[in-house]
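**Q** My structure is below; once you've seen it, I'll send some questions.
Protein chains: 2
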Amino acid sequence: MTNEKAALQGIRVLDLTQFLAGPLCTMILGDLGADVIKIEKPNTGDPARETAVNINGQSVYFLGLNSNKRSIVMDLKKQSYKELFLKLAAKADIIVENFVPGTMEKLGLSYEEVQKVNPEIIYASVSGFGQTGPYRERGALDMIIQAISGFMSVTGEKGGRPLKAGPSIADTVTGLYATIGMLAALHYRNITGKGQHVDIAMLDSMFSILATPIGTYLATGKVPKPQGNRHQISAPFQPFETMDGEIIIAASTNRAFQDVCKALGRSDLAEDVRYADRKGRVANVDELADEITKTTKTKTTAELERDCESANVPFAVVNSIDKIVRNPQIVARNMLLDVEHPAAGRIKSVGSPLKMSLTPGAKRRSAPTLGQHTNEILGEQLGMSDKEIKALDD
Amino acid sequence: MTNEKAALQGIRVLDLTQFLAGPLCTMILGDLGADVIKIEKPNTGDPARETAVNINGQSVYFLGLNSNKRSIVMDLKKQSYKELFLKLAAKADIIVENFVPGTMEKLGLSYEEVQKVNPEIIYASVSGFGQTGPYRERGALDMIIQAISGFMSVTGEKGGRPLKAGPSIADTVTGLYATIGMLAALHYRNITGKGQHVDIAMLDSMFSILATPIGTYLATGKVPKPQGNRHQISAPFQPFETMDGEIIIAASTNRAFQDVCKALGRSDLAEDVRYADRKGRVANVDELADEITKTTKTKTTAELERDCESANVPFAVVNSIDKIVRNPQIVARNMLLDVEHPAAGRIKSVGSPLKMSLTPGAKRRSAPTLGQHTNEILGEQLGMSDKEIKALDD
Chain A
-6 MTNEKAALQG IRVLDLTQFL AGPLCTMILG DLGADVIKIE KPNTGDPARE
44 TAVNINGQSV YFLGLNSNKR SIVMDLKKQS YKELFLKLAA KADIIVENFV
94 PGTMEKLGLS YEEVQKVNPE IIYASVSGFG QTGPYRERGA LDMIIQAISG
144 FMSVTGEKGG RPLKAGPSIA DTVTGLYATI GMLAALHYRN ITGKGQHVDI
194 AMLDSMFSIL ATPIGTYLAT GKVPKPQGNR HQISAPFQPF ETMDGEIIIA
244 ASTNRAFQDV CKALGRSDLA EDVRYADRKG RVANVDELAD EITKTTKTKT
294 TAELERDCES ANVPFAVVNS IDKIVRNPQI VARNMLLDVE HPAAGRIKSV
344 GSPLKMSLTP GAKRRSAPTL GQHTNEILGE QLGMSDKEIK ALDD
Chain B
-6 MTNEKAALQG IRVLDLTQFL AGPLCTMILG DLGADVIKIE KPNTGDPARE
44 TAVNINGQSV YFLGLNSNKR SIVMDLKKQS YKELFLKLAA KADIIVENFV
94 PGTMEKLGLS YEEVQKVNPE IIYASVSGFG QTGPYRERGA LDMIIQAISG
144 FMSVTGEKGG RPLKAGPSIA DTVTGLYATI GMLAALHYRN ITGKGQHVDI
194 AMLDSMFSIL ATPIGTYLAT GKVPKPQGNR HQISAPFQPF ETMDGEIIIA
244 ASTNRAFQDV CKALGRSDLA EDVRYADRKG RVANVDELAD EITKTTKTKT
294 TAELERDCES ANVPFAVVNS IDKIVRNPQI VARNMLLDVE HPAAGRIKSV
344 GSPLKMSLTP GAKRRSAPTL GQHTNEILGE QLGMSDKEIK ALDD
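So the sequence lines, in the order shown, correspond to chains A and B.
If you count the first sequence from 1, position 1 lands on -6 in this note's numbering, and the numbers rise without skipping.
If you count the second sequence from 1, position 211 lands on 204 in this note's numbering, and the numbers rise without skipping.
What follows is the structure, given as structure tokens:
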């Protein structure tokens, strides 16, 4: 849909993934210009195609994770398709799969098997718990990993039960790490000519982003708990009641706190020794919040937004989804685009956050229908005729 | 600390970032073997160094985000250091900064200025709202973006107020996207010799991971709300009460649901037409949950864990931080390592999730003390003597 150059032009990806973590990662490779061939099983394809909310029968969940891909249907349990897969793999740069570990081995399509036909292949395996260790054969899904990793134990209302983040954050973080692993492997291959196996686990990925609560526990022996909408290491940094709603005001340095006091016209707080440094503000957060609320309650949210903006104080209103899709910054950054889908028609697609001056992430095509490109891909890559392709299923 | 090869060996990064999103991204580049030079301001350095929880005066928050970096103190407001910075930039591959947009221009160190001394530079700017658009000059912090993006509006208890995720997920996702942008730019430079400017915004990054709630709103007109610990598109997929606690059981396909019924010995549910497909299970989630709870309440959590494991049903207990750091899978995956810190002593560091067969992410050194490598870096890179370095501040 654009004429920009693409960072990964000419890179060919065989994508065996389904649901979220794997498809996010191959979509990003596609946004960067790679030719992503999504291999789907017959009849149903990626199970994400079958979800409740849809546009003309096309799942919005699937549409949001599979743009910039072409779809080919292959039954990898059949010998004929296994051979075809290895022929495609011989011409590919990257393979990504997110089956339960052991599945690709059972299919005879493990990293070792693919290496025989393509020694330079970068082969990424995305899984719940990784290719090694006692949990390796366990299946996982986003919430499972939000729970096991400890992420839920530090999310929730203060004093309340552990809570999951609404969006599938474990899948997301894992998909991003997998993309990083593949791109790093691609750089290494550019320099040395060597491919490798990239093993990305959802549990490792989520554990790695908990470094602060983990470090806090190891240093203090205190087990971190949900803190509601309070920040753990800065204050003020939370929602405050206004005359007609609420506003989040945040200060993470001493200078920022001085700016907050100025925005609110509260020089008394700026001079109070209890609030002079971050440690003091965190230790006295309740008293400080009461003082700030005395002022915020006397103003409307809109007034406070203006006061904060002119004093350079970080602030936010809590947007709902209907508000953020119309936000002027989202519009200015081109983060919601129109794309044409063969079955759903003209639909909105979330843009790529990869704003690069020469090779920006771009939505070149919408998500494919199941098997939309089977004949195109087998013709173009392996020179097969429609008749030969039809004979594969006999 | 390891002898493995590194994917980014020989890549030099000048790191001007502070707090979280930027430092996470440069830490990952360091884990992958890049030589990361963290440039810090005199006296205080990265404000993340000053936080409440510490080990021998070293902030655990800072330690968790700055391993594999060397620290140099430079006052970029002084002409002498500005010139030094451009000399270092001439020899660097990547520059990363996360100041409020406009700051590098004011310092005379914008992408355009650096390009004059190094046309191939990859220059990444990480910010709250991006380098363009009406909000570009606004400061941002993690919770600000969790609020504005709509992320909080779909997180929280069912019927409750919008809630932030405990960990700084907006910073994290942005840091990961920034890493992806830089690695993609590095690939493009390997192929074409061209550098570029990478502009990554926290708001774009968080908006992009909300594709499903955004798509749902655009397709239905219904504004998504917090759903507690329920999954939006699958059922069962939530915590269930046991005899002595709770267990999360998840099924996202019809086959997985059959496995759940088998694990629980509930063939009646497996045969119930209301629960035959995902749509039916989501529509009847309350009745289904009541039925499942009838069984789970009669067993202990440990019994149910065994039943689920042998039936290949995805399940989880909700771990607290003290539990996950001792988890056998975390131990087997080497996700918590010992590193030596010059001031804090022998400390634990979270490992890298980038498990790569030839070039695994590795912790080669702990986070630096402020300015620990100033003389080492200026000597090695620019051939300066200790005496010349001392004269810089005169």
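We put the CB at the ideal spot given by N, CA and C, even for glycine.
1. For A/Gln124 and A/Asp68, which I take to be in contact (beta-carbon distance under 8 Å), what is that distance rounded to the nearest angstrom?
2. Quick check: B/Gly143 and A/Lys316, are their CB atoms within less than 9 Å of each other?
3. Report the residues of the stretch 82 to 110 of chain A with a CB closer than 7 Å to any CB of chain B, ordered along the chain.
4. In angstroms, rounded to a whole number, what distance separates the CA positions of B/Met(-6) and B/Val275?
5. Any idea if B/Pro335 is buried or exposed, counting beta-carbon neighbours within 10 angstroms, 16 or more meaning buried?
6. Kindly indicate which three-state DSSP category B/Ile137 falls into: helix, strand or coil?
7. Can you tell me where the alpha helix (DSSP H) holding A/His180 begins and where it ends?
8. Kindly indicate which residue of A/Met195, A/Phe122, A/Lys75 has the alpha-carbon position closest to the one of A/Val110.
9. Could one say the Cβ of B/Leu203 lies closer than 9 Å to chain A's Cβ atoms, at least one of them?
10. Assuming A/Ile241 and B/Ile137 form a contact by the criterion Cβ under 8 Å, report the distance between their Cβ atoms to the nearest whole angstrom.
11. May I ask you to report which of helix, strand or coil DSSP gives A/Ser142?
12. With the cut-off set at 9 Å, would you say B/Asp164 and B/Ala14 are in Cβ contact?
13. How many angstroms separate the CA atom of B/Glu298 from the CA atom of B/Ala256?
14. Return the Cβ separation of B/Val66 and B/Leu363 in integer angstroms, given the expectation that the two are a contact with Cβ distance under 8 Å.
15. For A/Phe308 and B/Gln139, what's the separation of their Cα atoms in angstroms?
16. Given that A/Met145 touches chain B, what residues does it touch there, using C-beta distances under 7 Å?
17. Tell me the residue span of the beta strand (DSSP E) that contains B/Pro116.
18. Should the stretch 175 to 191 of chain B be regarded as contacting the stretch 344 to 352 of chain A, the criterion being three or more beta carbon pairs within less than 8 Å?
19. Buried or exposed: where does B/Lys401 fall if 16 or more other Cβ atoms within 10 Å of its Cβ makes it buried?
20. So, does the stretch -3 to 17 of chain B touch the stretch 85 to 99 of chain B, judging by three or more C-beta pairs under 8 Å?
21. Is A/Asp68 close to chain B? Criterion is C-beta to C-beta, closer than 9 Å.
22. Is it true that the stretch 234 to 250 of chain A meets the stretch 282 to 298 of chain A, where meeting means three or more beta-carbon pairs spaced less than 8 Å apart?
23. Could you give the distance in angstroms between the alpha-carbon of B/Asp39 and the alpha-carbon of B/Thr19?
24. Look at the alpha carbon of B/Lys383 and the alpha carbon of B/Gly188, and state the distance between them as a whole number of angstroms.
25. Could you check if A/Asn59 is buried or exposed, using at least 16 other CB atoms within 10 Å of its CB as the buried criterion?
26. Straight-line CA distance for A/Gly153 to B/Arg154?
27. I'd like to know whether the C-beta of B/Met377 is nearer than 9 Å to at least one C-beta of chain A.
28. Let me make sure I understand the geometry here. Which of B/Asp265, B/Leu79, B/Thr291 has the alpha-carbon closest to that of B/Tyr116?
29. For a contact meaning CB atoms closer than 7 Å, what does A/Phe200 contact in chain B?
30. DSSP puts A/Phe230 in a beta bridge; with which residues?
31. Just tell me which of A/Gly344, A/Val318, A/Ala337 has its CA closest to the CA of A/Leu330.
32. Going by the beta-carbon positions, is the gap between A/Ala263 and A/Val306 smaller than 9 Å?
33. Shorter than 9 Å from the beta carbon of B/Asn183 to some beta carbon of chain A?
34. State yes or no: is the beta carbon of B/Ala249 nearer than 9 Å to at least one beta carbon in chain A?
35. Determine the closest residue to A/Thr148 out of A/Ile114, A/Leu169, A/Gln220, A/Ala83, with distance taken between C-alpha atoms.
36. Name the chain B residues that come within less than 7 Å of A/Leu9, Cβ to Cβ?
**A** Taking the definition as stated:
1. About 25 Å separates the beta carbon of A/Gln124 from that of A/Asp68, a gap too long to meet the 8 Å contact definition.
2. Yes, they are a contact pair.
3. For the stretch 82 to 110 of chain A, the set of residues with a beta-carbon nearer than 7 Å to any beta-carbon of chain B is empty.
4. Bear in mind that a pLDDT of 42 at B/Met(-6), under 50, signals an unreliable position, so the model cannot answer this.
5. Per the 10 Å Cβ criterion, exposed.
6. Three-state DSSP puts B/Ile137 in a helix.
7. Bounds of the alpha helix (DSSP H) holding A/His180 are 162 to 185.
8. In terms of Cα proximity to A/Val110, the closest of A/Met195, A/Phe122, A/Lys75 is A/Lys75.
9. It does; some Cβ of chain A falls within 9 Å.
10. Between A/Ile241 and B/Ile137, the beta carbon gap of about 6 Å places them in contact (Cβ cut-off 8 Å).
11. In the structure shown, A/Ser142 sits in coil (DSSP, three-state: anything other than H, G, I, E or B).
12. The answer is yes: Cβ separation under 9 Å.
13. Computed Cα separation, rounded: 10 Å.
14. Correct: roughly 6 Å between the Cβ atoms.
15. Annotation: A/Phe308 to B/Gln139 spans about 11 Å, alpha carbon to alpha carbon.
16. The contact set of A/Met145 on chain B, defined by CB atoms closer than 7 Å, consists of Val311 in chain order.
17. According to the sequence provided, residue 116 of chain B is Tyr. The question's Pro does not apply to it. For B/Tyr116, the uninterrupted beta strand (DSSP E) segment begins and ends at 115 to 120.
18. Touching, per the Cβ criterion.
19. Because residue 401 of chain B is not part of the residues shown, which for chain B are -6 to 387, the question remains open.
20. In short, these stretches touch, since the Cβ pair count reaches three.
21. Interface annotation, A/Asp68: not in contact with chain B, CB-CB separation never under 9 Å.
22. Yes: the two stretches touch, three or more of their Cβ pairs being nearer than 8 Å.
23. Cα-Cα distance, rounded: 14 Å.
24. Distance between B/Lys383 and B/Gly188, taken at the CA atoms: about 34 Å.
25. In this structure A/Asn59 is buried. Its beta-carbon is surrounded by 16 or more other beta-carbon atoms within 10 angstroms.
26. A/Gly153 and B/Arg154 have their C-alpha atoms spaced approximately 13 Å apart.
27. Not an interface residue.
28. Nearest C-alpha to B/Tyr116: B/Leu79.
29. Ordered by position in chain B, the residues that pass the 7 Å Cβ test against A/Phe200 are Ile317, Ile323, Met328, Val343.
30. Per DSSP, A/Ala243.
31. Looking at the Cα atoms, A/Gly344 is the closest of the given residues.
32. The answer is no: Cβ separation not under 9 Å.
33. So, interface residue.
34. Yes, because at least one Cβ of chain A sits closer than 9 Å to the Cβ of B/Ala249.
35. Taking only the C-alpha atoms, the option nearest A/Thr148 is A/Gln220.
36. The contact set of A/Leu9 on chain B, defined by CB atoms closer than 7 Å, is empty, because the minimum CB distance reaches about 16 Å.
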